[in-house]
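If you read the sequence shown in full-length UniProt numbering, its first letter stands for residue 1, the second for the next number, and so on.
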Amino acid sequence: MQQTRTLKDKILLVLKGLAMGAANKVPGVSGGVVAFVAGFYEEFIYSLQKINHKAFLLFVNGRFRSLYHYTNAKFLGLLILGMLISYFSVSKLLDFFIEHEELYVWSTFFGMIIGSIYFISKDFKLKSFSNLAFISLGIIAGVGISLMEPATENDNLWFVFLCGIIGVSGMTLPGLSGSFILILIGNYVLLLVDSVNALFDTLTDLAKLDFSFVNNPVRVNLLKVLSSFTFGSLVGLVSLSHILGFVLKHFKNITYAIIIGFITGSLGVVWPWKEKVFKTKSSGEFLKDANGNLILDNYDRYLPDLSNINTWIAIFFIILGILIVLGLERYGNKNANTNE
1 MQQTRTLKDK ILLVLKGLAM GAANKVPGVS GGVVAFVAGF YEEFIYSLQK
51 INHKAFLLFV NGRFRSLYHY TNAKFLGLLI LGMLISYFSV SKLLDFFIEH
101 EELYVWSTFF GMIIGSIYFI SKDFKLKSFS NLAFISLGII AGVGISLMEP
151 ATENDNLWFV FLCGIIGVSG MTLPGLSGSF ILILIGNYVL LLVDSVNALF
201 DTLTDLAKLD FSFVNNPVRV NLLKVLSSFT FGSLVGLVSL SHILGFVLKH
251 FKNITYAIII GFITGSLGVV WPWKEKVFKT KSSGEFLKDA NGNLILDNYD
301 RYLPDLSNIN TWIAIFFIIL GILIVLGLER YGNKNANTNE
C-alpha cells in the first residue's frame, strides 16, 4: 500500500488530515467520507491494521526503521498532523461559522454527502438484489441513529474511554458521524468543545510558564477527560481498522453496500433546514449541563421556503458541496493516471 510521495503529495496529505479532522467535529459529517472520496480510505485502514503484535515486537527490539516502513508511518503521521492542526484551527473556524451561518454550513456538507453517494455508487452494481438489501439495511441504520434521543453528560473516565472508541468511528466508518454519536450519548460538548479548549488554554499557560492551572480542579478534570478520550480513540482506531481490514478483504461488496446506505441515511442528520430543540424540565425551563450549556434534545426539521433568498443561497452551497466532491474525484483520477 505504500507509495513514493512528492512534497506536493505530503502537503496534500496534511490538508486531507485537516479535512478529516474538521469533518469529524461536525455532527452528522463523517471524516471517513473524506478519506473515501479523496481516495485514501483503504490505505488508511490497512496502515492502521499494521499497528499489531508484529509492530510491537519491532518496537521492543529497537528496529525503528523497519517499524517506520511496516506501519506506513509517514502516511499516518502526515494525516494525524493535519487532524491535530484542524482541532486547533479549522475546527474552531467551523465552530464560528456553525454559530453564525449554520444554514450554509449544513448546506455545504449536505451537498458534499450527495456528491459522496454518487462517487461511491457510480461504479457499484446497484441492480444486485443482495447489494440493494445491504444498502437498505445501511439506510435504516443511518436513519435510526439520526432519530435517537440524546442522553445527558457523563464525565466518568471509563465511560469517556468508551466514548473515544465510539467517537473515532467516524474516521473509519464512512457515513457514521462520531460527533453525532457523541451528541446522542450526551458528551459532545464535554469532549469536543470543553476539553479541547482546556488543552488549548493549558498549552497557552505553559508557553507563558504559568503553572497555576494545576490548582484549578475543573481544568485538571477536563485534561483527565481528554486523556481518557484520546486513549479510547487510539484503541478504537486500531481495533476498528482490524475489523474493517478483514471485512474489506473478504466482504468488499457487502461493506461498500452498507457504507452507501449509511451515508444515504445520514442525509437526515445534515438536512440544512432544521432548528435545535433543547431539553426542558416539566416547568418549561431549559435543562443545562454542569457547565451551563443547554442540552440538545434533537432537531426539528422543516421544508425550505422557496420565496426566501436565504433558501436559494443555501441551494447554491449545496451545489458547491457537490462540486467540491466532484473536483476531488477528478483530482484523484488525474493523480491515478499520472502514477500509471
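Glycine is no exception: its CB is placed at the ideal position from the N, C-alpha and C atoms. Note that the coordinates shown come from a computational prediction; the quantities given were computed from them, not determined experimentally.
Within its chain, find whatever has a CB closer than 7 Å to the CB of VAL238; leave out the 5 residues flanking it on each side and keep chain order.
-> Taken in chain order, the residues that qualify are LEU48, ILE51.
Buried or exposed by the 16-neighbour rule on C-beta atoms within 10 Å, applied to VAL269 = Counting Cβ neighbours within 10 Å, VAL269 comes out buried, since at least 16 surround it.
Just how far apart, CA to CA, sit THR204 and ASN197?
-> If I take the Cα positions, the gap works out to 10 Å.
Opposite PHE246 in the DSSP bridges: which residues?
-> Note: PHE246 sits in no beta bridge, so no partner.
How many Å lie between GLY327 and VAL37 at the Cα?
-> Going by C-alpha positions, GLY327 is about 10 Å away from VAL37.
In whole angstroms, what separates the C-alpha of ASN72 from that of VAL26?
-> For ASN72 and VAL26, the distance between alpha carbons rounds to 28 Å.
Distance, GLY39 Cα to ALA336 Cα = Its pLDDT being 48, under 50, ALA336 is placed unreliably by the model, and nothing is read from it.
Do you know how far the Cα of PHE278 is from the Cα of residue 347?
-> The question about residue 347 has no answer, for the chain in this structure spans 1 to 340.
Rounded C-beta distance between residue 347 and GLY232? I'm assuming under 8 Å.
-> The chain is shown from 1 up to 340; residue 347 falls before or after that span and cannot be answered.
Exposed or buried, what is TRP312 when buried is set at 16 or more other beta-carbons lying within 10 Å of its beta-carbon?
-> TRP312 counts as exposed, since fewer than 16 other C-beta atoms from the protein chains shown sit within 10 angstroms of its C-beta.
Select from VAL160, VAL214, LEU199 the residue whose C-alpha is nearest the C-alpha of GLY236.
-> Residue VAL160 is the option with its Cα nearest to GLY236.
Mapping DSSP to helix, strand and coil, what is PHE36?
-> In the displayed model, PHE36 falls within a helix according to three-state DSSP.
Starting from THR172, follow the alpha helix (DSSP H) in both directions and report where the run begins and ends.
-> Per DSSP, THR172 belongs to the alpha helix (DSSP H) from 169 to 172.
Give every residue of the same chain whose Cβ lies closer than 6 Å to the Cβ of ILE120, excluding the five residues on either side of it in the sequence, and list them in chain order.
-> Taking C-beta separations shorter than 6 Å and ignoring five residues to either side along the sequence, the partners of ILE120 in its chain run ILE260, following chain order.
At what residue ranges does the segment 158 to 235 contain a whole run of the alpha helix (DSSP H), taking only runs of 4 or more?
-> The segment 158 to 235 contains these whole alpha helix (DSSP H) runs: 169 to 172, 178 to 184, 195 to 207.
When the Cα of GLY265 is compared with those of LEU84, PHE110, PHE96, which residue comes out closest?
-> Relative to GLY265, the option among LEU84, PHE110, PHE96 whose CA is nearest is PHE110.
Considering only residues of the same chain and omitting the five flanking positions on each side of LEU192, which have a CB-CB separation below 7 Å?
-> For LEU192, where only same-chain residues beyond five positions count, the Cβ hits under 7 Å are LYS25, SER179, LEU182.
Output yes or no for whether 9 Å exceeds the beta carbon distance between SER116 and VAL33.
-> Yes; because the gap between Cβ atoms is below 9 Å, this pair is in contact.
Pick from ALA23, LEU209, PHE44: whose alpha carbon is nearest that of HIS242?
-> Ranking ALA23, LEU209, PHE44 by CA distance to the CA of HIS242 puts PHE44 first.
Cross-strand partners of PHE286 (DSSP beta bridge) = Answer is THR280, bridged to PHE286.
Leaving out five residues on either side along the sequence, give the residues of the same chain with a beta carbon under 6 Å from the beta carbon of SER195.
-> Scanning its chain for C-beta atoms nearer than 6 Å, with the 5 sequence neighbours on each side dropped, one finds around SER195 the residues LEU222, VAL225, LEU226, in chain order.
DSSP three-state assignment for VAL269, whether helix, strand or coil = Looking at VAL269 - three-state DSSP - the assignment turns out to be coil, as it is neither helix nor strand.
Pull up the CB-CB distance for MET20 and MET171, whole angstroms please, since I reckon it's below 8 Å.
-> Right, the Cβ-Cβ distance comes to about 6 Å (below 8 Å), so this counts as a contact.
Between the beta-carbon of ALA314 and the beta-carbon of SER107, is there less than 9 Å?
-> Going by C-beta atoms, ALA314 is nearer than 9 Å to SER107.
What are the boundary residues of the alpha helix (DSSP H) that includes THR71?
-> According to the DSSP assignment, THR71 belongs to no alpha helix (DSSP H), since it is labelled neither H nor E.
When the Cβ atoms of the segment 199 to 216 are set against those of the segment 127 to 146, are three or more pairs found closer than 8 Å?
-> With the cut-off at 8 Å, the segment 199 to 216 and the segment 127 to 146 do not touch.
Are the beta-carbon atoms of GLU275 and ASP305 separated by less than 9 Å?
-> Taking 9 Å as the Cβ cut-off, GLU275 and ASP305 do not qualify as a contacting pair.
With a CB to CB cut of under 8 Å and the five nearest residues on each side skipped, what residues in its chain are close to PHE59?
-> Within the same chain, PHE59 has close Cβ partners LEU67.
Exposed or buried, ILE11, counting other C-beta atoms within 10 Å across all chains shown (16 or more means buried)?
-> Around the beta carbon of ILE11, fewer than 16 other beta carbons sit within 10 angstroms, so the residue counts as exposed.
Is LEU57 buried or exposed, if buried means 16 or more other CB atoms sit within 10 Å of its CB?
-> Label assigned to LEU57: exposed.
GLU42 lies in the alpha helix (DSSP H); which residues open and close that run?
-> Per DSSP, GLU42 belongs to the alpha helix (DSSP H) from 41 to 49.
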